[in-house]
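In my numbering, the protein residues as written are 604 to 932.
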């Protein structure tokens with residue numbers, strides 16, 4: 604059985620939640636990267652070109668640090684996540700492509716702040732025997748993510764038409780989630796909204812591509828819906844892995860909402876939690892001749908604070924995510 608949704612026109616500090624947020628955060632980024640456009644010659648419009656049967660192998664890595672400070676104390680959580688994915692264009696009809704994404708391997712490493720040094724957590728879906736300090740129940744839930752699939756329908760201008768997930772994949776992601784709020788995002792409706800937020804609307808004309816273009820939108824998270832603006836510009840010819848490429852530079856800023864835009868209780872966040880800063884910069888490299896995304900990197904910083912038992916806690920989250928792709932056919 605498949606669960607479908609068509610888009611209409613027009614994050615607690617428990618180990619369980621940390622384990623959940625790592626693959627879910629990367630899934631969001633995978634959605635974003637999986638539908639990046641080909642960069643064409645200056646005289647041609649920027650549009651996605653899909654061909655049925657295209658296959659790619661994708662490797663992603665994300666390193667994060669989460670520093671939490673309150674009164675005279677502080678703690679730091681460091682993590683590394685690696686994903687191996689398979690992409691395939693399974694159909695193209697009337698300008699709409701159906702792109703299948705399969706998670707082949709998930710590797711997690713967490714360094715938790717503990718006094719006895721037992722804070723390292725390891726997981727590798729390719730070799731479960733390597734797991735360390737992970738309860739069998741959580742290991743089984745993470746293992747179930749390997750092999751899960753999503754299909755996204757997307758137009759050549761970047762508009763997401765809808766998301767499909769088979770019931771087994773959807774159930775696996777919901778079981779690994781850490782809160783009811785996150786589980787609600789893994790409904791067909793929530794997935795379609797997520798993919799729409801993560802996709803890239805393309806410039807309408809050559810002038811916008813030449814001078815740069817900006818995309819306004821809304822992001823969903825523990826602080827409610829926030830306004831975001833992402834700016835893109837072409838940055839000339841470069842090399843990536845010794846291959847000629849065209850570089851695109853991006854910069855995203857998210858404006859903290861008003862008090863009413865940051866609800867009192869959402870995804871387990873304390874009543875007075877507020878987002879103070881959220882920004883990201885990235886650079887991506889494309890082979891124009893092959894029409895292939897070769898790779899890139901995004902650096903992100905998020906700063907938030909909340910009052911917990913009359914103490915003000917400040918959290919600074921930093922992440923660096925890298926990507927490499929290989930065309931298989």
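Virtual Cβ for every residue (Gly too), placed ideally from N, Cα, C.
What are the uninterrupted segments assigned as beta strand (DSSP E) that are 3 or more residues long and contained completely in the stretch 731 to 764, given in chain order? 752 to 758
Which same chain residues end up closer than 6 Å to residue 650 when comparing Cβ atoms and leaving out the 5 residues on each side of it in sequence? For this step, residue 650 is matched to residue 47 along the chain shown. Excluding residues within five positions, the ones whose Cβ falls inside 6 Å are 759.
Alpha-carbon spacing of residue 856 relative to residue 820, whole angstroms: Here residue 856 corresponds to residue number 253 of the chain shown, with the count starting at 1. Here residue 820 corresponds to residue number 217 of the chain shown, with the count starting at 1. Taking the straight line joining both Cα atoms gives about 11 Å.
When the Cα of residue 910 is compared with those of 926, 699 and 877, which residue comes out closest? Residue mapping note: residue 910 aligns to position 307 of the chain shown, counting from 1. The shortest C-alpha separation from residue 910 is found at 877.
Report the rounded CA-to-CA distance for residue 747 versus residue 731, giving the unit in angstroms. Start at 1 with the first residue of the chain shown, and residue 747 comes out as number 144. Start at 1 with the first residue of the chain shown, and residue 731 comes out as number 128. If you take the alpha carbons of residue 747 and residue 731, they lie about 11 Å apart.
To which residues does DSSP link residue 705 through a beta bridge? Taking the first residue of the chain shown as 1, we reach residue 705 at position 102. DSSP, once it has assigned bridges, lists 689 and 752 as partnering residue 705.
Can you name, in chain order, every residue of its own chain whose Cβ lies under 7 Å from the Cβ of residue 862, other than the five neighbours on each side? Looking up residue 862 in the chain shown gives position 259. Annotation note: pLDDT 49 at residue 862 (below 50); position unreliable, no value reported.
9 Å Cβ cutoff met for residue 763 and residue 754: Within the chain shown, numbered from 1, the residue matching residue 763 stands at position 160. Within the chain shown, numbered from 1, the residue matching residue 754 stands at position 151. In this structure, residue 754 does not lie closer than 9 Å to residue 763 by Cβ.
Nearest residue (CA-CA) to residue 674, options 913, 891 and 924: Counting from 1 along the chain shown, the entry for residue 674 is found at position 71. The candidate whose alpha carbon is nearest that of residue 674 is 913.
Span of the beta strand (DSSP E) holding residue 727? Sequence index remark: in the chain shown, residue 727 carries index 124 (1-based). Counting along the chain, the beta strand (DSSP E) containing residue 727 begins and ends at 723 to 727.
What is the rounded straight-line gap between the Cα of residue 702 and the Cα of residue 692? Taking the first residue of the chain shown as 1, we reach residue 702 at position 99. Taking the first residue of the chain shown as 1, we reach residue 692 at position 89. Distance between the alpha carbons of residue 702 and residue 692 is about 4 Å.
Using the rule of at least 16 other Cβ atoms within 10 Å of the residue's Cβ for burial, across every protein chain shown, is residue 743 buried or exposed? The count along the chain shown starts at 1 and reaches residue 743 at position 140. The residue is exposed, with fewer than 16 neighbouring Cβ atoms inside 10 Å.
Closest by C-alpha distance to residue 774, when choosing among 756, 757 and 750: Residue mapping note: residue 774 aligns to position 171 of the chain shown, counting from 1. When only C-alpha atoms are compared, the closest one is 750.
Is the CB-CB distance between residue 923 and residue 666 below 9 Å? Counting from 1 along the chain shown, the entry for residue 923 is found at position 320. Counting from 1 along the chain shown, the entry for residue 666 is found at position 63. It is a contact, given that the beta carbons lie within the stated cut-off.
Please classify residue 890 as buried or exposed, where buried requires at least 16 other C-beta atoms within 10 Å of its C-beta. Your numbering for residue 890 matches position 287 in the chain shown. Residue 890 should be labelled buried.
Which two residues bound the contiguous beta strand (DSSP E) that contains residue 880? Counting from one through the chain shown, the residue named residue 880 turns up at place 277. It spans 877 to 890 - the beta strand (DSSP E) in which residue 880 sits, taken as one unbroken run.
If I measure Cβ to Cβ from residue 920 and keep anything under 6 Å in the same chain, skipping five residues before and after, which residues do I get? On the chain shown, position 317 is the one that residue 920 refers to. The residues are 669 and 905.
Taking the straight line between their C-alpha atoms, what separation do you get for residue 725 and residue 884? Taking the chain shown and counting its residues from 1, the one referred to as residue 725 is at position 122. Taking the chain shown and counting its residues from 1, the one referred to as residue 884 is at position 281. If I take the Cα positions, the gap works out to 29 Å.
Pairwise C-alpha distance: residue 902 and residue 729: Position 126 of the chain shown, counted from the first residue, corresponds to residue 729. Position 299 of the chain shown, counted from the first residue, corresponds to residue 902. Between residue 729 and residue 902, the C-alpha separation is close to 28 Å.
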